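Asks: Chains as they are written, first to last, in UniProt numbering: chain B, 1 to 1085; chain H, 1 to 168.
Glycine is no exception: its CB is placed at the ideal position from the N, C-alpha and C atoms.
In this text, all values refer to a predicted model and were calculated from it rather than measured experimentally.
The following block contains the structure, expressed as structure tokens.
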């Protein structure tokens, strides 16, 4: 026995301790892995010994190795052994090892429960402390359940050292074993008023963390925390409390109002930046949640902005960064207050710290306006030139494009300028974003018709100087812009000054080094240019130029026919054969231009991917019905299914269709054409597809290619800066003119007043050229293309103004004339004659198709999400209405965890599931991938329906993108109109209706609608649609209409063509409100 | 706070403390990624970066980087304060602390951290109290380890002496 002890201590002397291990590792830099594996073998030996000191030493070494990344899970049991040592030295090491190495999957944790319990109740406070610390790292649900009571007891320990640890660890216990929260909470709350500041602070910590997860349960503690906030001087505690209030205010707006004052006081008085920053952030959050109806807090916002300015101006990079971060939060709701600090933000772009520059860029995105866009972009362009490192430069490039293209190019007043910017950006070498620039070029050229001439000229120059772009490397991303350039030049070739030159540029041998998909576009568009050139030279006596063009193609195309890219090869060989054939015809002096042009006739209109969905299904067409009998699955089972379908399908309806006579068919065809004419979804031939060819012939001019390896300013390429100057001059001029006009007016009036040259407002800035971003013919479709996808249709294709109408008619007439002249039939074109006549003489109004209408109104919208809603009642329940809300994801991110909540009023309440609290929000039962919309229904109970009502609500959701996820919220107001309580109730019997009117129970009221110029049946249709009425009877110039409320009130209308409405209802205030709403509906159109 | 990492300029991990349960594999991956990201940043850059859905707050003291991951709503400045407070504690405990102190006495560094933070929350804001607790706990330890400790420190510091620059 004695020998064994001696042996043990001798062994120990030769053992490595931790320091030896560390030193050894440092001395074996070359063969570290080998050295460590021998060490691990030694450790395994040591762990086999009985001596606890040796074991503890081994475990300590293992903890170090674990940090270096070695697996030590095999020693878990030995760690438990060391933990259970009675000596504090070893216990401490054991617990440390456990807290570093154990995780939920470690099975020996089960064995520790009793040991930990013993340590928790140890008389030595450091034993208890060490156990608590360890437990905080490896607590599992089982441990939490078994030890919750023990820890709860420790919360009232006599020593504050233990109390504060116990309080903090309770949070981990709650997370693992939520059932423990309820019994422990009263004690936790007590600790908020513990005499020891450390314990108090720990309790604040825990409750703040709990409240962050589920704020509404902690609203009742608000007064207590308010007291703590105003009395505490400990910044750590204050920060936590302020954070807690930030989480509570969205639930209780009154709290927000109360908070503003103490928070602003703190902002004024504190010298601790962390506390100041927390206060500013919370004030911002509070003001955002109170955003509606709090006009007198602009002072607080101003204070925040001022303080943030000080942070941003500070030399400390950290404060600068945080200042910009907080600024961007203010920007979302109070853009004006931030915009005045534009100078400061622009300064930050010069900062040496890239993360600060990126923050500043983010801010700029939200700060642009029509007025300052050019100036800001100019600054950014300067930075692009200066920027070192491609990542930051690429970031700048994408930001410039983002800034310019945001909300449908809303801030661009001069598209020539924008095209020039894009062209300038192509000079960036080695950028990855060639495709982005290209798509912008295409987008602008297609959608902004007025710019095409300019765009084509610029693109032609680009093509001509293509060698500058592709000069250096193959993988140069910028050559993508040539894709756009070639397409634009080809598609809008009628704008080209010298198509021959561009054609030549597109067929240069060097093109064959471009990527395949770009070559394919080159080849295809060379053919378009060819057609244009032929057209130009048609009719000239000397056909030399046209033939020369054909020869050029025949000479150059074989290069592409040999291309390895299938697409290029196929297109080139097709076109080559075509050109050869044309050449033969040319030699026979046959006029071919028109036929060749016809190959590419017709305009490509932008159509949204979802446009088809918006085409209303024609009446009487059931898309789900079988057109023919479905084929039987197999021969043997033929008999049965046939019988089933024969029964189900009402035959007579179809047979009637087949029997319509010729006359009826003709009438229907006319009607259909008219409908198509009025239908913006229907793609019609537009006059612009008839290209005008009147440019004088230009002789082929040989082009001398100047080979420059350095991208220079391309000659003749207007620099974007010029536009800035021009724009300024233009605005000056406009301003002067406006002033002049004003002056004139004043002079006329003969009044002498001081000239008020106030600051130019956003609205005053007129775009340089009126660009029809939304094409007339297809408003909805184009706006879809812009990404603003409206889930339902809001517009009315009925001509809004007579001016509009005339213009269209004129266009159509011209088109007709042109057609006659050319006798060129376009296969896309459908004659509009019938529809046109009916519009012109205005007598056939009955036949005019009803415009598509929607009852969905905008509920709220921000950059992530758009909500539209409709409210419907039903007869089954007289106190319930269903609110249907369509949620549409407008962002590129995933939206999830959407929670819908409204503040109930006494009269209207959101129906929540049983067991839910009165303020709980409802989870929207779906998530939204980018660009998707979906509908959810919410049931509301209402008591009185005679008055309209507005309910405030909030939608919260998580925006999840690849990099991050953020919580967002959107406030809205649900408007319960009286109309929404009406239900379309058909009243078939006029007698019954008459009786009702005669009964005398109904009280009358009347309404005149002013300035309505729409067909009578449209008027009726609108009343039916928007206000849930149905027509009972219509006699010549008046119509009787009826509707019923969900609570059974009768509402009767007599509508006359003189646009007056006599109404009767058994509830006068309901009637009054409904009439008001009808009036409003018609005042909008 | 989700976790705290200490690593050297060469990217060697010196201390790690995880306040969220993660698998070893995940921890290693995060560590590798973060060490790379932070070391790649230039000295004049600010101490914050957004990483996954967390915010990273880091600060360099001499050759050691102190790096904390906090959640979106957490306060960056107070986290910097926590890092600084921890460095001050180490400094007081070891007396002009250097990287080698932490390498050779890494368990002490953990003990100090555990007295200062618990479960990712600051448990004691008074430096005096933290040091008092550590000293008292140390008194309970065997003398032999203490001897070892002083011996090693003497030999180690003789070679390298890198004092953390505590001037802020």
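Please report the residue range of the alpha helix (DSSP H) in which residue 264(B) lies.
Replies: Taken as a continuous stretch (DSSP letters only), the alpha helix (DSSP H) holding residue 264(B) covers 253-269.
Asks: Run through DSSP, which three-state label would residue 302(B) get?
Replies: Of the three classes helix, strand and coil, the one that applies to residue 302(B) here is helix, per DSSP.
Asks: Taking Cβ positions only, does residue 236(B) come closer than 8 Å to chain H?
Replies: So yes, residue 236(B) belongs to the interface.
Asks: Short check: CB of residue 482(B) to CB of residue 507(B), under 8 Å?
Replies: No, the Cβ-Cβ distance between residue 482(B) and residue 507(B) is not below 8 Å.
Asks: With distance defined between alpha-carbon atoms, name the residue in 176(B), 161(B) and 149(B) nearest to residue 187(B).
Replies: Nearest C-alpha to residue 187(B): 149(B).
Asks: Is residue 22(B) near residue 104(H), with beta carbons less than 8 Å apart?
Replies: In this structure, residue 104(H) lies closer than 8 Å to residue 22(B) by Cβ.
Asks: Let me check understanding here. Comparing Cα to Cα, which of 97(H), 128(H) and 121(H) lies closest to residue 169(B)?
Replies: Checked all of 97(H), 128(H) and 121(H); the closest Cα to residue 169(B) is 121(H).
Asks: Do you know how far the Cα of residue 33(B) is from the Cα of residue 16(H)?
Replies: Approximately 21 Å, taken between the alpha carbons.
Asks: Step through the CB atoms of chain B and report whether any lies within less than 8 Å of the CB of residue 119(H).
Replies: Answer yes: the Cβ-Cβ gap between residue 119(H) and chain B drops below 8 Å somewhere.
Asks: Hey, residue 280(B) and residue 247(B): beta-carbon distance below 8 Å or not?
Replies: Cβ distance not < 8 Å, so residue 280(B) and residue 247(B) don't count as in contact.
Asks: Please list the terminal residues of the continuous alpha helix (DSSP H) segment that includes residue 208(B).
Replies: From DSSP, the alpha helix (DSSP H) with residue 208(B) extends over 197-213.
Asks: What does the alpha-carbon distance come out to for the pair residue 722(B) and residue 580(B)?
Replies: Their backbone Cα atoms lie some 46 Å apart in a straight line.
Asks: May I have the straight-line CA-CA distance separating residue 1046(B) from residue 1084(B), to the nearest angstrom?
Replies: Near 27 Å, if we compare the C-alpha coordinates of residue 1084(B) and residue 1046(B).
Asks: If you draw a straight line from the alpha carbon of residue 66(H) to that of residue 14(H), how long is it in whole angstroms?
Replies: One C-alpha to the other measures close to 10 Å.
Asks: To test your reading of the DSSP string, which unbroken beta strand (DSSP E) runs of 3 or more residues are found completely within the region 879-956 of chain B?
Replies: DSSP runs (the beta strand (DSSP E)) wholly in the region 879-956 of chain B: 880-889, 894-902, 908-910 and 933-942.
Asks: Using three-state DSSP, classify residue 626(B) as helix, strand or coil.
Replies: It is coil, neither helix nor strand.
Asks: Counting along the chain, where does the beta strand (DSSP E) carrying residue 970(B) start and finish?
Replies: Per DSSP, residue 970(B) belongs to the beta strand (DSSP E) from 965-976.
Asks: Of all the CB atoms in chain B, is at least one closer than 8 Å to the CB of residue 101(H)?
Replies: Residue 101(H) does not count as touching chain B.
Asks: Shorter than 8 Å from the beta carbon of residue 1(H) to some beta carbon of chain B?
Replies: No - not a single Cβ of chain B is within 8 Å of the one on residue 1(H).
Asks: Given that a residue counts as buried once 16 or more other Cβ atoms are within 10 Å of its Cβ, and exposed if not, what is residue 182(B)?
Replies: By the neighbour-count rule (16 or more Cβ atoms within 10 Å), residue 182(B) is not buried but exposed.
Asks: Any chance the CB of residue 31(H) is under 7 Å from a heavy atom of the ligand MG?
Replies: Summarising the ligand content, the structure contains no ligands, and the ligand MG is consequently not present.
Asks: The region 205-223 of chain B: which residues have C-beta closer than 7 Å to a C-beta of chain H, in chain order?
Replies: Cβ contacts with chain H come from 205 and 212.
Asks: Pick out the complete beta strand (DSSP E) segments inside the UniProt domain "AP complex mu/sigma subunit" (1-140) of chain H, 3 residues or longer, and give them in chain order.
Replies: The qualifying runs are 3-8, 13-18, 48-51, 54-61 and 64-70.
Asks: Quick one: does residue 28(H) have its CB under 8 Å from some CB of chain B?
Replies: Residue 28(H) counts as touching chain B.
Asks: Between the Cα of residue 35(B) and the Cα atoms of 865(B), 24(B) and 43(B), which residue gives the shortest distance?
Replies: When only C-alpha atoms are compared, the closest one is 24(B).
Asks: Figure out for me which residue from 600(B), 275(B), 961(B) and 216(B) has the closest Cα to the Cα of residue 243(B).
Replies: Cα-wise, what sits closest to residue 243(B) is 275(B).
Asks: Run down chain B in chain order and give the residues with a C-beta less than 7 Å from the C-beta of residue 10(H).
Replies: Here the premise fails: no neighbours, minimum Cβ distance about 11 Å.
Asks: Cβ of residue 353(B) less than 8 Å from any chain H Cβ?
Replies: At least one chain H Cβ lies under 8 Å of residue 353(B).
Asks: So, helix, strand or coil for residue 670(B), using DSSP?
Replies: In the structure shown, residue 670(B) sits in a helix (DSSP, three-state: H, G or I).
Asks: What is the DSSP secondary structure of residue 864(B), counted as helix, strand or coil?
Replies: Residue 864(B) falls in the coil class under three-state DSSP.
Asks: Cβ atoms of residue 134(B) and residue 124(H): under 8 Å apart, would you say?
Replies: Against a cut-off of 8 Å, the Cβ pair of residue 134(B) and residue 124(H) comes out as no contact.
Asks: Using a cut-off of 8 Å between C-beta atoms, extract the partners of residue 317(B) located in chain H.
Replies: Residues of chain H passing the Cβ test: 44, 45, 46 and 47.
Asks: Among 266(B), 856(B), 78(B) and 340(B), which one has its Cα closest to the Cα of residue 935(B)?
Replies: Cα-wise, what sits closest to residue 935(B) is 856(B).
Asks: Rounded to a whole number of angstroms, what is the C-alpha to C-alpha distance between residue 399(B) and residue 365(B)?
Replies: If you take the alpha carbons of residue 399(B) and residue 365(B), they lie about 7 Å apart.
Asks: In the DSSP assignment, the beta strand (DSSP E) including residue 1087(B) goes from what residue to what residue?
Replies: With chain B covering 1 to 1085 only, the question about residue 1087(B) has no answer from this structure.
Asks: What's the gap between the Cα of residue 99(B) and the Cα of residue 58(H)?
Replies: Going by the C-alpha atoms only, they are around 23 Å apart.
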